[in-house]
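Enquirer: Let me begin by handing over the structure; questions about it come next.
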Amino acid sequence: MRRVTARWCIGLCVAFAALLLALIGCESGSHYFSSSPVGPMRQSQAAGTSEQQRELAPAGSLPALDEEVWVIVKAEEGAGTLEPSESEDVPGCGAMLCAPPAGENAESQRVPLPLKHTDVKAAIEAYIASVEVTQQFENPFSEKIEAVYVFPLPQNAAISGFVMIIGDRKIRGILRDREEAEKIYYEARSQGYRASLLTQERPNIFTQQVANIEPGKRIDVNITYFHTLSYVDGWYEFVFPMVVGPRFNPPGMTDGVGAVARGESGLSGQSTEVQYLKPGERSGHDIALAVDIAPGVPVEEIACRSHDVQVEGLQTDQVKVALSSDDAIPNKDFVLRYRIGGSLVKTAMLTHLDGDDGYFTFMLYPPQDMSELRRAPIEMVFVIDCSGSMSGEPIAIAKRAMKRAIGHLQPGDAFQIIRFSNDATTFRPRPTEATKENIRTGIRFVDGLKAGGGTMMNNAVKAALAAPPDAERVRYVTFMTDGYIGNEAEILGTVHNSLNGARLFSFGIGSSPNRYLLNRMAKIGNGAVAYVGLRDDPLEIIDLFVERISHPALTGIEIDWGKLEVSEMYPQRVPDLYVGRPVVISGRFRGSQPTTVTVSGRAAGHVVRSSFQVDPGREQTAHDALSKVWARMHIAELMDRATWDSSIDLPQQIRLVALNHGLMSSYTAFVAVDSSERTAGNHGTTVQVAVPVPDGVKYETTVSPPSAAGTSCPDDDDGPA
Amino acid sequence: MKRGMMMTCGLLSMLLLAALCERGFAIRQAEPPARFETVSVFVETGEAPLAAWQLDISATAGTVRIVGIEGGDHPAYSEPPYYDPLAMQQDRVIIAAFSLNGPEALPSGRTRVATIHVQIPGDVEPEFEAKIDAAADHDGEFIDAEVVLQIGTDK
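Which chain is which? The protein sequence lines are A and B, in order. Following the numbering used here, the numbering of the first sequence begins with 1 at its first residue and continues without gaps. Following the numbering used here, the numbering of the second sequence begins with 1 at its first residue and continues without gaps.
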């Protein structure tokens with residue numbers, strides 16, 4: 001009896017276990033059991049992918065998402081299942097394998113990726129650029145894939161068009177609430193439909209997902225946006241960013257932008273993650289870029305220090321610029337500057353009338369007579385980023401620029417130097433007089449700085465703005481950094497809350513700085529921004545900065561609109577104007593009669609006033625870019641406010657503006673589904689596009705090793721020597 | 001021994017019960033999966049060449065989410081038409097397109113000008129209403145036109 005009971009119990013246990021396993025298998029699939037034979041790294045990769053997707057996916061599609069774990073494992077186990085086809089050996093073709101290829105040459109060989117090519121076409125009229133970006137995704141594997149690509153666009157881009165292209169068919173994507181768009185995408189993906197989704201992670205970082213790309217097939221995605229150009233010291237500047245720099249995220253942060261090695265999906269612990277190619281690895285992804293410039297007056301000079309370009313039509317009003325095919329690796333910002341006749345540069349108002357209502361954009365230049373006024377003594381606080389991402393050329397450039405600026409200080413000025421990486425330390429306990437001896441000591445301090453460690457920028461912002469204001473001197477804070485951090489909102493909030501009358505000037509250092517952060521810091525900080533690329537002369541740029549701040553800013557600006565009824569102007573408060581640095585303003589208006597617009601303000605105690613004529617009935621622009629530019633500036637204003645004000649529902653306001661104007665934002669997304677045909681099988685393997693670290697940035701000091709999840713923080717070896 | 005086995009059985013029973021409950025709950029909560037469908041949009045103009053058009057399409061029964069808009073068959077309208085973002089928020093679509101081609105390079109008769117890709121949640125079969133806001137020929141003259149919707153595709 002006892003034996004019978006024992007057997008019965010064993011049998012019952014086995015039956016229960018089998019039933020339980022069957023149930024678990026029904027719910028989750030048998031994928032986890034399949035993964036047991038793979039190595040530890042591959043297991044973590046599969047789990048990481050699953051975790052990442054769980055955060056993004058709606059609950060209803062989770063079982064399908066788990067299936068991709070199984071497919072990844074299968075691909076790594078099974079020889080030939082996810083092998084690249086013969087196109088792997090053709091330059092510009094290929095797709096990424098989920099695991100590093102085995103063999104002695106693993107660190108030096110070409111890494112195939114599903115992103116084959118990016119094509120950029122820009123047209124500039126006046127100071128507004130219309131840009132089309134086409135990303136070509138191709139699958140050379142023997143199984144279906146979903147391609148995921150994290151990429152940058154200009155921080156002020158008003159993205160209003162999204163088209164998925166399959167062969168000769170074009171499907172326009174629909175802008176929806178972000179959660180709704182994601183749900184539609186994942187449902188389409190799980191049912192085997194070709195689909196694409198574009199989401200915004202930061203104003204300058206986006207994620208493109210393309211589902212169900214069949215073996216050997218290609219799906220293109222076309223994105224359209226508008227933006228205003230910046231005008232810097234006599235030059236208009238068009239920028240196209242090509243790669244997201246590796247970001248540092250403070251400990252405890254989970255909604256940052258992680259930087260991990262290729263194939264290490266999920267290890268950063270951040271909601272957005274960029275995979276980077278290892279040193280010696282190359283991808284076949286290349287880029288073509290063409291810019292047509294039609295300013296209405298002859299272009300006198302063109303300069304592109306970032307890339308090699310071919311120029312046609314110089315000295316005419318129709319100039320064509322094309323990126324040289326020898327410089328087609330997308331690992332640095334494309335920065336094109338052009339100059340038109342100096343005497344022709346004047347405040348220009350662009351208007352677009354739609355019935356009685358209209359939109360305007362105008363670039364407000366500082367009055368010429370401001371350059372004759374001299375500034376009062378200042379307290380200059382130099383802040384330099386000494387984190388690991390700055391090691392090498394960037395820190396060398398920043399040090400040269402800073403030493404030059406220190407040398408320009410005048411008797412009566414005071415200064416402080418703050419370096420930061422994992423922590424922030426100062427040159428002197430408090431700002432010191434700009435005597436010759438102190439300047440020499442300060443320059444020696446800068447000479448001794450080294451790069452390494454994390455980027456705890458918030459500590460530096462607080463240190464720079466915390467000291468009590470000097471009653472005799474206006475405080476100018478200069479930040480020299482690449483801006484490679486994931487906690488932008490926290491930094492901007494601190495700048496706003498701690499400014500205390502200071503002015504903040506940001507200098508973006510390197511080939512691909514975080515322009516969103518640097519631009520917004522300068523805007524909120526009532527200062528200006530400048531960029532120093534690897535091929536720029538830092539001394540030239542710092543001299544222009546010194547010249548700029550050697551004249552007082554035009555403050556307290558007021559605008560008399562004459563006969564125009566102006567409303568909803570952005571920025572709501574006109575920023576202070578510096579010599580050589582105009583600002584762009586956008587708003588809505590009613591009225592079509594010619595009128596005189598007058599701008600007035602104060603500089604060094606003097607009232608400065610200038611006027612210009614506007615004829616909205618005659619000057620109206622044919623396209624609707626102006627309404628998009630206006631809506632984008634409205635969203636930027638709300639986004640800025642959201643960094644320090646949580647008292648009202650700003651996300652809902654942003655969502656409404658974006659949906660009403662068909663614009664991308666953090667809370668809206670574009671989705672496109674081809675409902676005409678289902679592909680066979682499930683949605684296949686998710687393959688993230690790995691990108692190179694930006695030109696001049698060291699992989700070793702920026703990309704998290706597997707053991708450093710959650711940050712991008714190499715060992716700290718910096719500090720004053 | 002016996003006691004240990006009984007405990008094991010008890011534990012497994014609890015696990016099984018938990019799994020069944022979870023699964024049962026999941027079944028109760030599950031909605032029918034949303035399906036995807038296409039709606040072809042045809043415009044009939046008789047002999048007149050179609051140089052410009054604007055349509056207003058909405059669902060009168062069932063729930064429909066528009067997930068893509070594709071261009072038509074004729075080369076003059078192969079580009080996907082633009083839509084009104086304000087109307088789209090109510091899942092009503094107002095689309096329009098025009099062509100500067102001469103009459104010989106414009107469609108006439110019955111032509112597909114667009115395909116709307118939709119997601120249909122739930123079991124209710126949707127019904128659509130379409131009206132043509134405007135249609136014009138190459139001289140800018142308004143023309144009589146009729147819009148016809150066809151669910152499904154012959155691609």
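Note that CB positions come from ideal geometry on N, CA and C, so glycine has one too. Please read all numbers here as calculations on a predicted model, not as lab measurements.
Using DSSP bridges, identify the partner residues of Asp-292/A.
Expert: Ala-123/A and Lys-320/A
Enquirer: Which runs of the beta strand (DSSP E) at least 3 residues long sit entirely within the segment 491 to 546 of chain A? Give them in chain order.
Expert: 503 to 509 and 529 to 532
Enquirer: Can the beta-carbon of Asn-422/A be found less than 9 angstroms from the beta-carbon of Gly-442/A?
Expert: no
Enquirer: Can you give, in chain order, each stretch of the beta strand (DSSP E) that sits fully within the segment 378 to 436 of chain A and has at least 3 residues?
Expert: You should have 378 to 385, 414 to 420 and 424 to 426.
Enquirer: Hey, Leu-55/B and Ala-114/B: beta-carbon distance below 9 angstroms or not?
Expert: yes
Enquirer: Going by the DSSP bridge assignment, what does Lys-170/A pair with across the sheet?
Expert: Beta-bridge pairing links Lys-170/A to Ile-165/A.
Enquirer: So, are the CB atoms of Gly-152/B and Ser-58/B less than 9 angstroms apart?
Expert: no
Enquirer: Should Ile-542/A be listed as close to the ligand COA, given that the test is whether its C-beta is under 8 angstroms from any heavy atom?
Expert: The ligand COA is not among the ligands present in this structure, which contains no ligands whatsoever.
Enquirer: Measuring only between beta-carbons, confirm whether Tyr-193/A sits less than 9 angstroms from chain B.
Expert: Yes - at least one Cβ of chain B is within 9 angstroms of the one on Tyr-193/A.
Enquirer: Do Met-457/A and Ile-485/A have their C-beta atoms closer together than 9 angstroms?
Expert: Result yes, Cβ atoms of Met-457/A and Ile-485/A sit closer than 9 angstroms.
Enquirer: 9 angstroms is my cut-off, CB to CB: does Ile-57/B come that close to chain A?
Expert: no
Enquirer: Look up Gly-662/A in the DSSP assignment and say whether it is helix, strand or coil.
Expert: Residue state, collapsed to three classes: coil.
Enquirer: Does the segment 346 to 366 of chain A touch the segment 542 to 549 of chain A, meaning 3 or more C-beta pairs lie closer than 8 angstroms?
Expert: no
Enquirer: Interface residues of chain B around Ala-471/A at Cβ under 7 angstroms?
Expert: Ordered by position in chain B, no residue passes the 7 angstroms Cβ test against Ala-471/A, which lies about 52 angstroms from the chain.
Enquirer: Extract the residue ranges of the beta strand (DSSP E) inside the segment 52 to 121 of chain B, only unbroken runs of 3 or more that lie entirely within it.
Expert: 52 to 61, 65 to 71, 93 to 98 and 110 to 120
Enquirer: Can you name the start and end residues of the beta strand (DSSP E) that Met-633/A belongs to?
Expert: Met-633/A -> not in any beta strand (DSSP E); alpha helix (DSSP H) instead, spanning 625 to 642.
Enquirer: Applying a beta-carbon distance threshold of less than 7 angstroms, which residues of chain A neighbour His-117/B?
Expert: Ile-171, Val-673, Asp-674 and Ser-675
Enquirer: Any beta carbon of chain A sitting closer than 9 angstroms to that of Gln-89/B?
Expert: Yes, its Cβ sits closer than 9 angstroms to a Cβ of chain A.
Enquirer: Going by the beta-carbon positions, is the gap between Asp-119/A and Leu-289/A smaller than 9 angstroms?
Expert: Asp-119/A is a Cβ neighbour of Leu-289/A, given a cutoff of 9 angstroms.
Enquirer: What would DSSP say about Thr-441/A, mapped onto helix, strand or coil?
Expert: helix
Enquirer: Could you tell me the alpha carbon to alpha carbon distance between Lys-74/A and Ala-259/A, rounded to whole angstroms?
Expert: Low confidence applies here, because Lys-74/A scores a pLDDT of 30, under 50, leaving its location unreliable and the question unanswered by this model.
Enquirer: To the nearest angstrom, report how far apart Phe-612/A and Glu-300/A are at their CA atoms.
Expert: Near 24 angstroms, if we compare the C-alpha coordinates of Glu-300/A and Phe-612/A.
Enquirer: How is the beta strand (DSSP E) around Ile-585/A delimited, first residue to last?
Expert: 583 to 590
Enquirer: Does any residue of chain A have a CB that is nearer than 9 angstroms to the CB of Val-156/B?
Expert: Outside the modelled stretch of chain B, which goes from 1 to 155, sits residue 156/B, for which no answer is possible.
Enquirer: Please classify Cys-26/A: is it buried, with 16 or more other beta-carbons within 10 angstroms of its beta-carbon, or exposed?
Expert: Low per-residue confidence applies at Cys-26/A: pLDDT is 36, beneath 50, and the placement is therefore not dependable, though the value from the model is reported in the following sentence. Per the 10 Å Cβ criterion, exposed.
Enquirer: Tell whether a beta-carbon distance below 9 angstroms holds between Ala-188/A and Gln-119/B.
Expert: yes
Enquirer: Using the Cβ count rule (16 or more neighbours within 10 Å means buried), how would you classify Asn-660/A?
Expert: Asn-660/A comes out exposed.
Enquirer: In the DSSP assignment, find the alpha helix (DSSP H) that holds Tyr-231/A and state where it starts and stops.
Expert: Here Tyr-231/A belongs to no alpha helix (DSSP H); instead the beta strand (DSSP E) covers 230 to 232.
Enquirer: Suppose contacts are defined by Cβ-Cβ distances below 9 angstroms. Is Gly-149/A in contact with Asp-674/A by that definition?
Expert: For the sequence presented, residue 149/A should be read as Tyr rather than Gly. In this structure, Asp-674/A does not lie closer than 9 angstroms to Tyr-149/A by Cβ.
Enquirer: Looking at the C-beta of Arg-28/B, does it have a partner C-beta in chain A at a distance below 9 angstroms?
Expert: Because the pLDDT at Arg-28/B is just 46, under 50, the model does not fix this residue reliably, and the value given afterwards should be weighed accordingly. Output row for Arg-28/B: interface = no.
Enquirer: So what does DSSP say about Arg-655/A, is it helix, strand or coil?
Expert: helix
Enquirer: For Ile-132/B, name the three-state secondary structure that DSSP assigns.
Expert: strand
Enquirer: Gln-270/A: which of Phe-248/A, His-634/A and Glu-472/A sits nearest, CA to CA?
Expert: Phe-248/A
Enquirer: Could you pull the DSSP bridge partners for Tyr-149/A from this structure?
Expert: Gln-208/A
Enquirer: Can you list, in chain order, the residues of its chain with a C-beta nearer than 7 angstroms to that of Ala-157/A? Leave out the 5 residues immediately preceding and following it.
Expert: Tyr-225 and His-227
Enquirer: Leaving aside the five residues before and after Asp-715/A along the sequence, list all residues of the same chain whose C-beta is less than 6 angstroms from its C-beta, in chain order.
Expert: Residue confidence is low: Asp-715/A scores 42 on pLDDT, short of 50, so the model does not pin down where it sits. No coordinate-derived value is stated.
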